[in-house]
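Residue numbers (this note's numbering), protein chains in the order written: chain A, 70 to 217; chain B, 70 to 217; chain C, 70 to 217; chain D, 70 to 217.
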């Protein structure tokens, strides 16, 4: 029905962030609301950025990341209580932006609940436009690519 | 950088939902958080479904819609106070699912702030699997296709 | 059971903000989640502040409001679709803070769904401490007291 | 300015829930939004209820808890990244409702960031009214009272 690659396995991801599902993440259908998955992706991305040393505007930097696009394929409902392991990796690095992909698994299992993709641009905040990704950042992001 | 079609115009959408941006929709970057756009899409979709007569599980129906995938391209930041006009249309209707596309505009203008796409499956809640879209629903959804 | 004054009537409030309930405001109990009422209060407060001319840190001011405490008594469940009319008034104005009270009604009716109270301090952002409320602001806030 | 008892210490709480602050919990002021504290309280309460065996409507029970009122005093701003330890205890148990109080601390420290109180009623869902708290539940709740 969708182009979701349900064969994604944990070993294809290079960065991990555990998310404890909050009761309030569920909607009136009784499972985690689709919009909340994007906050899980955001938490994983922010954590990876912090590991690299990207703190964005909060760190009073003049440059930083901004999300350009994001998509998510929902494979399985998640119900509280649960922990979701968000696997992430850098997919490709362009001049002014980079792609990431994600696999969301039930904690400690190979059960995939969602896959996702994002494009992040590197932005000069004052100029409000994308700029060349600094070489140092390019190298740091490269470490999270799946080299296999 | 992305495949966003920034030439989308208001006349390409067949259903509209105005969303008043809440102050709390903004994140620490000072603009509407990317995850909140998906709640705007959800509100538009739910409203369109209600107009058609789809009430899902809340209406104690045995069948209803479930979101399979959704994506969003962010074109322009939105800052409170603002009203966002979400334009939606049915893109295509398959056997057990249908595609929708969306254009988010600053209220009353042609300024596009985001475009989005979604796939919704038609689900038998008890069986927990997608089923054939009923003919009556197919016709109702068809009215929101862009026939031009 | 609580000290909620369920006799509050609409004419006791001096400022109004209509809130359109979003489908996503509901939790897995199938009604608007208790934490969301606080975003409704926030929206009403921000709107009143904007009417007065208080823009806070976003307006690059050195002083602004910060919430010190807030409480809410839940009287009746709210289910989507609904519009909630949030009535607010300034209760009392101290040296460095002011009290507000709120009544949340089903749109256009006298049906009270919740009452609430808040204390807002006037803060010097750099010094990170409360300061004397400026005379001009004191007068502006005074207009929203219930003089009856 | 408020009646916050800033002398609350960790040993006064009988149940603990660690909450990892999400980046998205912050608002445009750059710290955790006041409304989000109430989701932290909710998470602690739900966890305590689950420990006791209260699963509410989700467990297909005919009776369960419903929040009647909640208040929070904000003592110190919280900024991501952070973990908040929510301490809770049962304050008093009435015929059809019980009071709880909470202290939110920066993880592993005595730094109090907020205190809170709530009243929860015991509800018959079908009858939509509060009913007598069952003896077994009364005993279970009693274990979380601060006996000192």
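C-beta: ideal position from N, C-alpha, C; glycine also.
Under DSSP, the alpha helix (DSSP H) around residue i begins and ends at which residues?
i, result
"residue 186 (chain C)", "Taken as a continuous stretch (DSSP letters only), residue 186 (chain C) belongs to no alpha helix (DSSP H), being part of the beta strand (DSSP E) at 181-193."
"residue 112 (chain D)", "103-121"
"residue 87 (chain C)", "Where residue 87 (chain C) is concerned, there is no enclosing alpha helix (DSSP H), although the beta strand (DSSP E) it sits in stretches over 84-89."
"residue 207 (chain A)", "204-211"
Out of curiosity, what's the CA-to-CA distance linking residue i and residue j?
i, j, result
"residue 77 (chain A)", "residue 178 (chain A)", "13 Å"
"residue 152 (chain C)", "residue 89 (chain C)", "5 Å"
"residue 201 (chain C)", "residue 168 (chain C)", "15 Å"
"residue 87 (chain B)", "residue 82 (chain C)", "27 Å"
"residue 192 (chain B)", "residue 199 (chain B)", "4 Å"
"residue 70 (chain D)", "residue 166 (chain C)", "Residue confidence is low: residue 70 (chain D) scores 33 on pLDDT, short of 50, so the model does not pin down where it sits. Its coordinate-derived value is still stated next. About 8 Å."
"residue 80 (chain C)", "residue 106 (chain A)", "43 Å"
"residue 163 (chain B)", "residue 190 (chain B)", "9 Å"
"residue 215 (chain A)", "residue 186 (chain B)", "28 Å"
"residue 91 (chain A)", "residue 140 (chain C)", "22 Å"
"residue 196 (chain D)", "residue 126 (chain B)", "22 Å"
"residue 209 (chain B)", "residue 85 (chain B)", "16 Å"
"residue 130 (chain A)", "residue 174 (chain A)", "34 Å"
"residue 149 (chain B)", "residue 108 (chain B)", "16 Å"
"residue 93 (chain C)", "residue 116 (chain C)", "22 Å"
"residue 121 (chain C)", "residue 119 (chain B)", "38 Å"
"residue 134 (chain B)", "residue 96 (chain C)", "18 Å"
"residue 98 (chain C)", "residue 172 (chain C)", "23 Å"
"residue 161 (chain B)", "residue 111 (chain A)", "30 Å"
"residue 205 (chain B)", "residue 188 (chain B)", "19 Å"
"residue 144 (chain A)", "residue 123 (chain C)", "46 Å"
"residue 132 (chain B)", "residue 203 (chain C)", "59 Å"
"residue 207 (chain C)", "residue 194 (chain C)", "19 Å"
"residue 211 (chain B)", "residue 211 (chain C)", "55 Å"
Can you pull the DSSP bridge partners for residue i?
i, result
"residue 139 (chain B)", "A:141, B:187"
"residue 172 (chain B)", "B:156, B:184"
"residue 166 (chain A)", "A:190"
"residue 133 (chain A)", "A:192"
"residue 95 (chain D)", "D:101"
"residue 198 (chain D)", "D:193"
"residue 214 (chain D)", "D:159"
Thinking residue i and residue j are a contact (beta carbons under 8 Å), I'd like their distance in whole angstroms, please.
i, j, result
"residue 142 (chain D)", "residue 138 (chain C)", "4 Å"
"residue 213 (chain C)", "residue 159 (chain C)", "4 Å"
"residue 157 (chain A)", "residue 113 (chain A)", "5 Å"
"residue 103 (chain C)", "residue 181 (chain D)", "Actually they are not in contact, since the Cβ atoms of residue 103 (chain C) and residue 181 (chain D) sit about 23 Å apart, beyond 8 Å."
"residue 146 (chain C)", "residue 176 (chain C)", "The pair is not a contact, with the Cβ atoms about 15 Å apart (cut-off 8 Å)."
What residues in the stretch 130-150 of chain B bring their beta carbon closer than 7 Å to a beta carbon of chain A? 136, 137, 138, 139, 140, 141, 142, 143
Any C-beta of chain C within less than 7 Å: which residues of the stretch 104-115 of chain A qualify? 104
Using a beta-carbon distance cut-off of less than 8 Å, what residues from the stretch 89-105 of chain D approach chain A? 89, 91, 92, 93, 99
Relative to chain D, which residues along the stretch 187-208 of chain C have a C-beta separation below 8 Å, given in chain order? So the close ones are 188, 190, 199.
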